[in-house]
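Right, one structure below, let's go through it.
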Amino acid sequence: MLINCHLVVIMVLSTGVHAMTIQSRLNKDTVQLIKIAQRIEFIRKQDEMGNQKVIAMIYISEDSNPVRAMAGDVTWDAHDIDKAKRSIRRHNKTCLIIDRRDQVI
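Under UniProt numbering, the first residue of the sequence shown is numbered 1, with each subsequent residue one higher.
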């Protein structure tokens, strides 16, 4: 019975439905960058296949290049903006959070 439940969750996640998904953990280096970040922007990243993913770009200072928020060896999937904002605010209560999901890179 438990195996069937896992199969259903995997099938739902693979179709792109994001109901009750578990957000992956930020890696330690990303957490340290978030702690000193001046601003964080959410943008959409499109791969070669046309799939889009919401990612967080971390800016340490006003004139710095952005650093992608990472979860392990992959870019952190920030599709649930409310959860992502809570995760960021847990580490840095003063940084500016900008939603630029209309921007695709």
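Even glycine gets a Cβ: it sits at the ideal position worked out from N, Cα and C.
Sequence-distant residues of the same chain with beta carbon closer than 8 angstroms to residue i, five excluded per side
i: CYS95; result: ILE34, ALA37, GLN38, ARG39, ILE40 and ILE88
i: VAL8; result: Note that VAL8 has pLDDT 37, beneath the 50 cutoff, so the model's placement of it is unreliable and no number is given.
i: GLN52; result: ARG44, LYS45, GLN46 and VAL104
i: PRO66; result: GLU41, MET57, ILE58 and TYR59
i: residue 106; result: Since the first and last residues shown for the chain are 1 and 105, residue 106 lies out of range.
i: LYS85; result: ILE97
i: ARG68; result: ILE55, ALA56, MET57, ILE58, THR75 and TRP76
i: ASP29; result: MET70
Nearest-angstrom Cβ-Cβ length linking residue i and residue j, presumed shorter than 8 angstroms
i: GLN103; j: ARG25; result: Incorrect: roughly 26 angstroms between the Cβ atoms, too far for contact.
Which listed residue (the options) has its alpha carbon closest to that of residue i
i: ILE97; options: GLN52, THR30, GLY50 and TYR59; result: TYR59
Residue i and residue j closer than 8 angstroms at C-beta
i: ILE55; j: ALA78; result: yes
i: PHE42; j: ARG90; result: no
Beta-carbon contacts of residue i that lie in its chain and below 7 angstroms, excluding the five residues immediately before and after
i: VAL31; result: HIS91
i: GLU62; result: GLN38
i: GLU48; result: none
i: GLY50; result: none
query = Can you list, in chain order, the stretches of the beta strand (DSSP E) that have 3 or more residues and sit fully within the segment 67-105?
reply = 96-104
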